[in-house]
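In full-length UniProt numbering, the protein residues as written are 94 to 357.
Using N, Cα and C, we set each Cβ at its ideal position, and we do this for glycine too.
Computed from a predicted model, the values in this text were never measured in an experiment.
Below is one structure; the comments refer to it alone.
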Amino acid sequence: LTSRQTRREDTVVKLGDVVLGSHHAPVLVAGPCSIESHEQVEAAAAFVASRGVKLFRGGAFKPRTDPYSFQGLGEQGLRLGREACDRHGLLFISEIMDACDLPLFLEYADVLQIGARNMQNFTLLRAVGRANKPVLLKRGLSATIEEWLMAAEYLLSEGNTNVILCERGIRTFERYTRNTLDVSAVALAKQETHLPVLVDVTHSGGRRDLLVPLTKAGLAVGADGIMVEVHPNPAVALSDNKQQMDFDAFDRYLEETGYHKKLS
Ligand code: PEP
Ligand code: MN
């Protein structure tokens, strides 16, 4: 069902007045790694909205490697994210980790993100596949392109056609970067499937100094948009404090990637 052989025309996912896929202008998803407090999410949402961003990200249920690190605010985080998005006219994207949380996500989120670590959580895929909400499906840390597309197949086969793929870097032997952005996977996903494809440049490189070049690379190989993390004060962020941008860095990023023109 994901294949271009089954469906020739591009799937276009409509999120409010944002259109994703086909030959529409590339979108930008921005927001903090985690929703941490009312003040933090309000500052981030107000700022990115002022720059023309329409799609806001923020995790409330966080899939952390270390069980003793910040795990997210849970339902309260979803509520804070929802309220901030409503105040600033943003659509809200947040990661769901467990099928049992689906009712909460249906209430609070506009797009359900399935994270890299849950790409093959088949129970979750089936549950989200039956939900009437767009899904952003990240590629697993060590998933082949075929496994990634098969995960998307789970969603489509349950009836959910509003599926957005997201390449976020894969695990390789390289250690200068946190993950290796697989640009071939982006180009191939565009070629082999009719689904929109995003590139998460924050988790791909895990380095602020690569956000601009990886964005250019992603768009050059046909990505329909980019995801980045922005935080009012990354140094004190409760997750991913090494790679989130502060507000000044985000302004430079918009300028250097040309997104300032695309968003206005
Ligand atoms: C995220 O986007 O918050 C995240 C945890 O990303 P990934 O699943 O790609 O690691
Ligand atoms: Mn993060």
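Any idea which residues DSSP pairs residue i with across the strands?
{"i": "F185", "result": "F149"}
{"i": "T273", "result": "I263"}
{"i": "A123", "result": "F149, V321"}
If we count the other Cβ atoms within 10 Å of its Cβ and call it buried at 16 or more, is residue i buried or exposed?
{"i": "A313", "result": "exposed"}
{"i": "K354", "result": "exposed"}
{"i": "residue 359", "result": "The chain is shown only over 94 to 357; residue 359 falls outside these bounds and no answer can be derived."}
{"i": "D333", "result": "buried"}
{"i": "A328", "result": "exposed"}
{"i": "L199", "result": "exposed"}
{"i": "E322", "result": "buried"}
{"i": "E348", "result": "exposed"}
{"i": "G318", "result": "buried"}
{"i": "F266", "result": "exposed"}
{"i": "S250", "result": "exposed"}
{"i": "Y352", "result": "buried"}
{"i": "G182", "result": "exposed"}
To which residues of the same chain is residue i closer than 6 Å at the C-beta, ignoring the five residues directly before and after it?
{"i": "A220", "result": "A192, L195"}
{"i": "T104", "result": "G114, H287, L288"}
{"i": "L331", "result": "S127, E129, F163"}
{"i": "T308", "result": "V294, I319, T350"}
How long is the line joining the alpha carbons of residue i and residue j, rounded to whole angstroms?
{"i": "D275", "j": "I263", "result": "7 Å"}
{"i": "K231", "j": "R300", "result": "19 Å"}
{"i": "K107", "j": "L281", "result": "23 Å"}
{"i": "L197", "j": "N255", "result": "19 Å"}
{"i": "L247", "j": "H117", "result": "For the sequence presented, residue 247 should be read as Tyr rather than Leu. When rounded, the distance between both Cα atoms is 26 Å."}
{"i": "A137", "j": "H324", "result": "6 Å"}
{"i": "G170", "j": "R97", "result": "38 Å"}
{"i": "I257", "j": "Y161", "result": "31 Å"}
Between which residues of its own chain and residue i is the CB-CB distance below 7 Å, once the five residues before and five after are set aside?
{"i": "S235", "result": "I263, R264"}
Under 8 Å by Cβ, that's how I've got residue i and residue j pegged, so tell me the actual separation to the nearest angstrom.
{"i": "M190", "j": "F154", "result": "5 Å"}
{"i": "Q337", "j": "C126", "result": "6 Å"}
Excluding the 5 residues preceding and the 5 following residue i in the sequence, name in chain order all residues of the same chain whose CB lies nearer than 8 Å to its CB.
{"i": "G315", "result": "V279, A280, K283, V290"}
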